[in-house]
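Enquirer: Starting off with a structure, shown below.
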Amino acid sequence: MSPAGHPLSPTSSLPSLRSLPTLTGEQIFLALDNLHELYCPVSLSRAIESQLELGKVHDDLPAQQLDSGYVSVDEDDIDPEDALDALRADTFERNFAIRWLTTLVARVEELPLDDEDERERVADKASYVLASFTKTVDEDEEEDPGLARDFSFVLTPSDTSGSFKSPELGADAKIKIDVRLHDGPHTTTDHTDVGLQSWGASIVFTDLLCASPARFGLTRSALGSSPRIIELGAGTGLVSLALDNALPHLGIPDATLIATDYHPAVLANLRSNIALTRAGVKACALDWSDPILDTPLNAPADVLVATDVVYALEHAVWLRDCATRLLNPRGVFWLMMTVRPNGRFEAVIDSVETAFQGTSPKAADGRHLTILAMENVEKSRGVGRGDESGYKLFRIGWA
27 MSPAGHPLSP TSSLPSLRSL PTLTGEQIFL ALDNLHELYC PVSLSRAIES
77 QLELGKVHDD LPAQQLDSGY VSVDEDDIDP EDALDALRAD TFERNFAIRW
127 LTTLVARVEE LPLDDEDERE RVADKASYVL ASFTKTVDED EEEDPGLARD
177 FSFVLTPSDT SGSFKSPELG ADAKIKIDVR LHDGPHTTTD HTDVGLQSWG
227 ASIVFTDLLC ASPARFGLTR SALGSSPRII ELGAGTGLVS LALDNALPHL
277 GIPDATLIAT DYHPAVLANL RSNIALTRAG VKACALDWSD PILDTPLNAP
327 ADVLVATDVV YALEHAVWLR DCATRLLNPR GVFWLMMTVR PNGRFEAVID
377 SVETAFQGTS PKAADGRHLT ILAMENVEKS RGVGRGDESG YKLFRIGWA
């Protein structure tokens with residue numbers, strides 16, 4: 027596709043995604059290889075810095091010059107490395123590549139590939155290149171906070187009896203719940219930092235919560251005005267941030283919301299998102315395998331929530347044991363898991379059902395957590411990765 031060491035510009039080499047179903051695997055992988063050669067593992071901040079020093083950033087060039095090799099003089103007089111640095115630093119080309127990669131990941135299921143593992147490879151490689159746009163070379167360089175994402179959900183505060191209905195709202199009132207957050211770059215070497223990105227299950231679950239809050243017991247009559255809600259494996263914090271916005275509209279103005287996670291990088295990004303939205307959410311570390319229930323986790327929760335948090339067979343057992351210690355005697359645990367019918371995470375969803383089938387561990391009153399109900403949830407178009415076929419929503423409580 028391009029000479030070795032001389033990748034092509036994104037605007038001149040990336041195939042149009044308008045005809046995505048007609049593209050071949052070879053075309054997609056050649057395009058990804060070209061982007062990988064161009065942007066990985068070079069630090070973009072370093073490339074931009076060097077080009078600013080040399081006065082070679084070409085953001086102000088006419089569009090027609092962008093495909094010409096990024097030079098305005100005879101190409102024989104240009105150092106190839108300088109031209110490559112200029113290409114890497116060009117903002118227009120970089121943004122074009124980001125938009126292309128983001129669309130590809132969102133629509134990877136439409137690729138006419140027979141092998142689901144091949145779709146997963148496409149999504150993984152595209153995500154890796156996307157992550158390179160926030161990487162730096164030196165540890166002391168300021169890190170890019172990641173890609174900003176805006177989510178919008180429709181809250182129906184009067185969906186059923188028991189839901190609070192603000193007197194100034196009509197019977198069919200709907201309220202827009204907006205959340206802005208940052209997705210950090212997910213590394214390819216550490217699977218425990220998957221929480222740096224907002225996954226499909228968290229988006230679908232938040233949409234369900236807002237569409238029918240009473241269904242999830244999010245009413246003043248069920249919870250009072252000041253319940254404790256803890257999110258396990260919160261990741262970017264999407265669910266907690268949306269709840270912080272929505273609960274006051276449901277007559278629950280004084281809820282205590284606690285978003286927990288294990289990975290230090292995920293927690294740092296979570297705290298950044300809370301600060302970004304000025305939410306009243308507390309963030310704290312929680313290791314399910316060895317939970318330390320100090321403040322603010324020293325009191326039981328009325329509601330536990332978790333989305334797509336099991337990535338190894340032992341995770342389900344740790345999650346069950348931790349939830350047993352966190353949930354109050356009348357509480358409920360809502361867990362949404364992603365169904366991945368192929369690949370290395372195919373069996374983990376079964377481990378959830380297995381973990382909650384037994385009668386241990388027991389709480390102080392002798393009861394144990396079990397699955398009270400399970401519902402299959404369809405995948406929404408444009409939400410989630412190509413290896414996701416749908417979701418399972420579990421209502422877990424005491425028995």
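The numbering of the sequence shown is my numbering, which starts it at 27 and goes up by one.
Yeah, the Cβ is synthetic: ideal placement off N, Cα and C, and Gly gets one too.
1) My output table needs one value for Ser406: the three-state DSSP class, helix, strand or coil.
2) What does the Cβ neighbour count give for Asn3, buried or exposed, with the cut at 16 atoms within 10 Å?
3) What is the rounded straight-line gap between the Cα of Thr245 and the Cα of Ser153?
4) Beta-carbon within less than 8 Å of Gly410's beta-carbon, same chain only, minus the 5 sequence neighbours each way: which residues are those?
5) Take the Cβ of Tyr65 as the centre, count every other Cβ of all protein chains shown within 10 Å, and call the residue buried at 16 or more, exposed below.
6) Apart from the five residues just before and just after Arg206, which ones in its own chain have a Cβ nearer than 8 Å to its Cβ?
7) Any contact between the region 376-383 and the region 401-417? By contact I mean 3 or more CB pairs, one from each, below 8 Å.
8) Within 10 angstroms of the Cβ of Asp204, are there 16 or more other Cβ atoms? Answer buried if so, exposed if not.
9) Terminal residues of the continuous alpha helix (DSSP H) containing Leu264?
10) Does DSSP classify Cys236 as helix, strand or coil?
11) At which residue ranges does the region 325-357 contain complete beta strand (DSSP E) runs of 3 or more residues, listed in the order of the chain?
12) Of the residues Arg297, Leu130, Gly306 and His32, which one's Cα is nearest the Cα of Gln53?
13) Leaving out five residues on either side along the sequence, give the residues of the same chain with a beta carbon under 8 Å from the beta carbon of His394.
14) Among Asp141, Arg366 and His32, which has the Cα closest to the Cα of Glu404?
15) Would you list the residues sitting across from Asp287 in a DSSP beta bridge?
16) Please name the residue, chosen from Leu352, Thr380, Ile318 and Gly357, that lies closest to His341 on a Cα-to-Cα basis.
17) Quick one: what's got a C-beta closer than 7 Å to Asp328's C-beta in the same chain, skipping five residues either side?
18) Taking a contact to mean a Cβ-Cβ separation below 8 Å, would you say Leu283 touches Ser298 in this structure?
19) Relative to the alpha-carbon of Ser137, which residue among Arg125, Pro183 and Pro41 has its alpha-carbon at the smallest distance?
20) So the candidates are Arg421, Glu372 and Gly412; which of them puts its Cα closest to the Cα of Thr396?
21) What number of angstroms, rounded off, separates the C-alpha of Gly408 from the C-alpha of Leu323?
22) Give the DSSP-derived three-state secondary structure of Leu64 in the structure shown.
23) Output yes or no for whether 8 Å exceeds the beta carbon distance between Arg145 and Gly412.
24) Looking at the secondary structure, which residues open and close the beta strand (DSSP E) in which Lys418 lies?
25) Can you check which of these residues, Ser251, Gln223 and Gly392, is closest to Ala291 by C-alpha distance?
26) From Val331, Lys202 and Asp316, pick the residue whose C-alpha is nearest to that of Gly261; which is it?
27) Taking all protein chains shown into account, decide if Asn60 is buried (16 or more other Cβ within 10 angstroms of its Cβ) or exposed.
28) Use the C-beta contact count for Pro33: other C-beta atoms within 10 angstroms, 16 or more gives buried, fewer gives exposed.
29) Assuming contact is defined by CB atoms lying nearer than 8 Å, are Ala309 and Ala285 in contact in what I supplied?
30) Have a look at the DSSP bridge pairing and note the partners of Ala174.
31) Look up Phe179 in the DSSP assignment and say whether it is helix, strand or coil.
32) So His62 packs on Val155, CB below 8 Å; how close in whole Å?
33) Candidates Leu352, His208, Val180 and Asp209: which alpha carbon is nearest Ala199's?
34) Taking just the CA atoms, how far does Asp209 sit from Leu58?
35) For Val365, list the residues DSSP reports as bridge partners.
Expert: Reading from the atomic positions:
1) coil
2) No answer is possible for residue 3: it lies beyond the span of the chain, which begins at 27 and ends at 425.
3) 39 Å
4) Trp225, Gly226, Ala227, Ile229, Val230 and Thr364
5) buried
6) Ala174, Arg175, Asp176, Phe177, Leu302 and Thr303
7) no
8) exposed
9) Leu264 to Ala272
10) helix
11) 327-333
12) Leu130
13) Thr350, Gly384, Thr385, Ser386, Pro387, Lys388, Trp424 and Ala425
14) Arg366
15) Ala311
16) Thr380
17) Leu249, Pro253, Arg254, Ile255, Asn354 and Gly357
18) no
19) What sits at residue 137 in the sequence shown is Leu, not Ser. Measuring from the Cα of Leu137, the nearest candidate turns out to be Pro41.
20) Arg421
21) 36 Å
22) helix
23) yes
24) Gly416 to Trp424
25) Gln223
26) Val331
27) buried
28) buried
29) yes
30) His208
31) strand
32) 6 Å
33) Val180
34) 21 Å
35) Gly416
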